[in-house]
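K.L.:
Chains A and B supply the protein sequences, listed in that same order. According to full-length UniProt numbering, the first sequence is numbered sequentially starting from 1. According to full-length UniProt numbering, the second sequence is numbered sequentially starting from 1. Before anything else, here's the structure in question.
2 protein chains.
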Amino acid sequence: MIRNVAIIGLGLLGGSIGLAIEEHAPDITTTGFDRNPKTRATAAKRSLVGTVCDTASEAVANADLVILCVPVGAMEEAAAGMREALPKAAIISDVGSSKQSVGEALAKALPDHTIIPAHPVAGTEQSGPDAGFASLFTNRWCILTPSETASTEAVQSVSDFWTKLGANVEVMDAEHHDLVLAVTSHIPHLIAFTIVGTASDLEEVTRSEVIKYSAGGFRDFTRIAASDPVMWRDVFLSNKSAVLEMLGRFSEDLTALQRAIRSGDGDALHELFSRTRAIRRQVIEEGQDDDRPDFGREDH
Amino acid sequence: MIRNVAIIGLGLLGGSIGLAIEEHAPDITTTGFDRNPKTRATAAKRSLVGTVCDTASEAVANADLVILCVPVGAMEEAAAGMREALPKAAIISDVGSSKQSVGEALAKALPDHTIIPAHPVAGTEQSGPDAGFASLFTNRWCILTPSETASTEAVQSVSDFWTKLGANVEVMDAEHHDLVLAVTSHIPHLIAFTIVGTASDLEEVTRSEVIKYSAGGFRDFTRIAASDPVMWRDVFLSNKSAVLEMLGRFSEDLTALQRAIRSGDGDALHELFSRTRAIRRQVIEEGQDDDRPDFGREDH
Ligand SMILES: NC(=O)c1ccc[n+]([C@@H]2O[C@H](COP(=O)([O-])OP(=O)(O)OC[C@H]3O[C@@H](n4cnc5c(N)ncnc54)[C@H](OP(=O)(O)O)[C@@H]3O)[C@@H](O)[C@H]2O)c1
Ligand SMILES: NC(=O)c1ccc[n+]([C@@H]2O[C@H](COP(=O)([O-])OP(=O)(O)OC[C@H]3O[C@@H](n4cnc5c(N)ncnc54)[C@H](OP(=O)(O)O)[C@@H]3O)[C@@H](O)[C@H]2O)c1
């Protein structure tokens, strides 16, 4: 049974976990730490956790579950920094967007602890201590990637925890996670960053034109491309091989489409554009997006 | 002064124009035609226009402005089909997403008429007679691409018309329009169609996984990739050279990022990801998107 949760990193993910616990599992006490004093002050003001501590050691001292909510590249350092203060029985988990490298980093920093890496597939383009909200995980999936030798009870505890916060839980191996998320998250972000960069560097088309006429589709990409630079730098560096693999597939398919456009092959274009519609329907049916046209911008 | 508007093609764009006229300029009478009898029936039921006609000739007989709202590839045929019935003084316009080829097609089909091509940069992923709504053009830009010899009064009339419907109007040459829209609309759609296609064709990752974990970013792309296949086939075929030009730039930039990931160049990644954030802010400041995180999905 998890009674005391320590959250390290009080940004979007850490803050949302704190608020979700307060809403869905108020019997659990929460402590939190962030290296940034301003973030700690905001966290205290917004009551993201029950107690905001001034050191990681203080925050984890009584925890049965510690969740690292820092950028992927900061996991090892954050874990090492609390080693001495960690209760022996505490389970260590995280929310990092890539899982093989994080699993390895945590195992290295905390070789004697039970580590159950996790990734709630939920987020927004905002970050920082003002960005979190209690319903972030509702009806979203949380993927656990325990090593083969991880204790079944620890996996169950972390799974129960996320279920309480409103998420659906899935267990898979870290390598597969990294491949799946390369497709459903990392490549979409990479493409969005790229096209927004391309558009802002053109000579023939001014930046003000790009912005004025962005309602033609481009504006959607600007949202994703506004995501946190540090977080995403770390994701691409830590999930390099799966990202490069999937990027290769994408580039091949893009080249094929380019050829179809060049040769005026309308049937090939129509065939692809018809197939992709079905995926949207399934995304909506599975409750992973709603069916309001244009994301409901019109209703606003 | 425009008193009678005929709308040919009663889908998303045609229907929205009809409804916007009713809301913003109720003194203008509207007639409409669509080649599809079911669409005509729905248009009549939803009162998309004042009178739904059974032929294009009937619809245009008394018009001072005729707006073609059919796929870009159908413009020439639709224009030619109404030639005999067109009043001599009627201005012909359209809403096609590419403008050089449409301008040429309309000039060819109606050599003796005043043609003022237009493109309201507004839309959703939905199409058909049920998709339209009166506020589609509010605060969006409408681009006019008259030829150099077009009458100034006719340009002014069409400009005033779109201003009445709530749009901001800009005039530019068709070639520049096609380059700008390749960046802000056509390439974003092409990329979205491609990545959704890539994701659904993988062997290592199942389609059900792609859908389950789509909240990581992928779901945004599925919305755009659910757009009408015929419309988009026609856009790419009719704006081939600008699309291929911009696709070349995008591919170069993507290759550079790929290299940065491969070589672990975190600074290059961080630098790009920081720059793209500013564009999002400008899109919001310019009123082309709102600032709710995650498109306000959470508020729903
Ligand atoms: N954003 C998403 O959509 C999303 C979704 C799923 C998973 N994730 C994952 O969740 C994690 C956190 O992301 P986020 O969006 O919550 O980022 P965030 O809002 O930027 O929050 C991260 C916080 O961690 C702090 N921090 C950095 N290093 C630290 C350390 N060594 N010790 C203590 N605190 C430290 C940061 O402080 P500074 O301000 O000083 O850097 C910042 O306040 C990342 O691993 C990310 O991959 C994100
Ligand atoms: N959707 C957008 O976001 C957007 C934005 C700006 C501009 N545009 C442009 O607007 C135009 C219309 O797009 P839309 O989204 O409104 O498409 P839509 O909802 O599919 O409507 C087009 C309608 O035109 C009909 N049609 C086709 N050929 C015709 C003909 N020869 N005569 C009469 N009716 C004909 C179609 O009937 P069938 O069902 O029989 O084909 C359909 O009902 C396109 O040129 C597009 O490029 C679209």
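Quick reminder that beta carbons are idealized off the backbone N, C-alpha and C, glycines included.
Counting only C-beta atoms, is B/Pro-188 closer than 8 Å to chain A at any point?
P.N.:
Counting from one through the second sequence, the residue named residue 188 of chain B turns up at place 188. Cβ-Cβ to chain A under 8 Å: yes for B/Pro-188.
K.L.:
With H, G and I counted as helix, E and B as strand and the rest as coil, what does DSSP make of residue 312 of chain A?
P.N.:
Because chain A here runs from 1 to 300, residue 312 of chain A falls outside it and cannot be looked at.
K.L.:
Is any heavy atom of ligand 1 found at a distance shorter than 7 Å from the C-beta of A/Ala-122?
P.N.:
Here residue 122 of chain A corresponds to residue number 122 of the first sequence, with the count starting at 1. It does: the Cβ of A/Ala-122 is within 7 Å (strictly closer) of some heavy atom of ligand 1.
K.L.:
With C-beta atoms as the reference, is A/Leu-19 less than 8 Å away from A/Ala-134?
P.N.:
Counting from 1 along the first sequence, the entry for residue 19 of chain A is found at position 19. Counting from 1 along the first sequence, the entry for residue 134 of chain A is found at position 134. A contact, by the Cβ cut-off of 8 Å.
K.L.:
Looking only at its own chain, which residues have a Cβ that is under 7 Å from the Cβ of B/Gly-189, when we skip the five neighbours before and after it?
P.N.:
Looking up residue 189 of chain B in the second sequence gives position 189. Residue 189 of chain B is actually His in this sequence, not Gly. Cβ neighbours of B/His-189 within its own chain (closer than 7 Å, five residues either side excluded): Ile-224, Ser-227, Trp-232.
K.L.:
Ends of the beta strand (DSSP E) at A/Gly-32?
P.N.:
Walking along the first sequence from the start, residue 32 of chain A turns up at place 32. Looking at the DSSP string, the run of the beta strand (DSSP E) that includes A/Gly-32 is 29-33.
K.L.:
Cβ-heavy atom distance between A/Leu-12 and ligand 1 below 7 Å?
P.N.:
As a first step, residue 12 of chain A must be located in the first sequence, where it is residue number 12. Yes.
K.L.:
Could you tell me whether any Cβ in chain B is nearer than 8 Å to the Cβ of A/Ser-214?
P.N.:
Along the first sequence, one-based indexing puts residue 214 of chain A at 214. Taking Cβ atoms only, chain B reaches closer than 8 Å to A/Ser-214, which makes this a yes.
K.L.:
Using a Cβ-Cβ cut-off of 6 Å (strictly less than) and excluding sequence neighbours within five positions of B/Ala-105, which residues of its own chain qualify?
P.N.:
Locating residue 105 of chain B in the second sequence gives position 105, where the first residue counts as 1. The residues are Met-75, Glu-76.
K.L.:
Which residue marks the beginning of the beta strand (DSSP E) containing A/Glu-170, and which one marks its end?
P.N.:
Within the first sequence, the letter at position 170 stands for residue 170 of chain A. 168-171 is the extent of the beta strand (DSSP E) around A/Glu-170.
K.L.:
Ignore the nearest five residues each way along the sequence and tell me which others in A/Trp-141's own chain have a CB closer than 7 Å to its CB.
P.N.:
Counting from 1 along the first sequence, the entry for residue 141 of chain A is found at position 141. Hits under 7 Å: Val-121, Ala-167, Asn-168, Glu-170.
K.L.:
Indicate the three-state DSSP secondary structure (helix, strand or coil) for B/His-113 in the structure shown.
P.N.:
As a working mapping, residue 113 of chain B is identified with position 113 in the second sequence. The answer is coil: DSSP assigns B/His-113 none of H, G, I, E or B.
K.L.:
What are the boundary residues of the beta strand (DSSP E) that B/Ala-90 is part of?
P.N.:
As a first step, residue 90 of chain B is located in the second sequence; it is residue number 90 there, counting from the start. Counting along the chain, B/Ala-90 falls outside any beta strand (DSSP E), and DSSP gives it neither H nor E.
K.L.:
What three-state label does DSSP hand residue 301 of chain A in the structure shown?
P.N.:
Only positions 1 to 300 of chain A appear in this structure, which leaves residue 301 of chain A out of reach.
K.L.:
I want to see whether chain B comes within less than 8 Å of A/Glu-204, judged by CB atoms only; does it?
P.N.:
For the purposes of this step, residue 204 of chain A is taken as residue 204 along the first sequence, with counting starting at 1. Closer than 8 Å: yes.
K.L.:
Give the straight-line distance between the Cα atoms of B/Ser-57 and B/Val-5, rounded to the nearest whole angstrom.
P.N.:
Mapped onto the second sequence, residue 57 of chain B falls at position 57. Mapped onto the second sequence, residue 5 of chain B falls at position 5. If you draw a straight line from the Cα of B/Ser-57 to the Cα of B/Val-5, it comes to about 13 Å.
K.L.:
Using 8 Å as the limit for Cβ to Cβ distance, is A/Phe-137 near chain B?
P.N.:
Here residue 137 of chain A refers to the residue found at position 137 of the first sequence. So, not an interface residue.
K.L.:
Quick check on the burial criterion: 16 or more other C-beta atoms within 10 angstroms. Buried or exposed for B/Met-246?
P.N.:
The sequence position of residue 246 of chain B within the second sequence is 246, counting from 1. B/Met-246 should be labelled buried.
K.L.:
Report the three-state DSSP secondary structure of B/Thr-51 (helix, strand or coil).
P.N.:
Taking the second sequence and counting its residues from 1, the one referred to as residue 51 of chain B is at position 51. In this structure, B/Thr-51 counts as strand in the three-state DSSP scheme.
K.L.:
For the segment 168-195 of chain B, which residues have a CB atom closer than 7 Å to at least one CB atom of chain A, in sequence order?
P.N.:
Leu-179, Val-180, Leu-181, Val-183, Thr-184, Ser-185, Ile-187, Pro-188, His-189, Leu-190, Ile-191, Phe-193, Thr-194, Ile-195
K.L.:
For A/Arg-3 versus A/Asp-64, is the C-beta spacing smaller than 8 Å?
P.N.:
Sequence index remark: in the first sequence, residue 3 of chain A carries index 3 (1-based). Sequence index remark: in the first sequence, residue 64 of chain A carries index 64 (1-based). Yes, the pair counts as a contact, with Cβ atoms nearer than the cut-off.
K.L.:
State buried or exposed for B/Gly-264, treating a residue as buried only when at least 16 other CB atoms are found within 10 Å of its CB.
P.N.:
Taking the second sequence and counting its residues from 1, one reaches residue 264 of chain B at position 264. It is exposed - the Cβ of B/Gly-264 has fewer than 16 other Cβ atoms within 10 Å.
K.L.:
Please confirm whether B/Trp-141 has its beta-carbon closer than 8 Å to some beta-carbon of chain A.
P.N.:
As a working note, residue 141 of chain B is residue 141 in the second sequence. Yes, contact with chain A.
K.L.:
With DSSP collapsed to three states, give me the class of B/Leu-237.
P.N.:
Counting from one through the second sequence, the residue named residue 237 of chain B turns up at place 237. Three-state DSSP puts B/Leu-237 in a helix.
K.L.:
Any idea what DSSP makes of A/Pro-120, helix, strand or coil?
P.N.:
As a working note, residue 120 of chain A is residue 120 in the first sequence. Strand at A/Pro-120.
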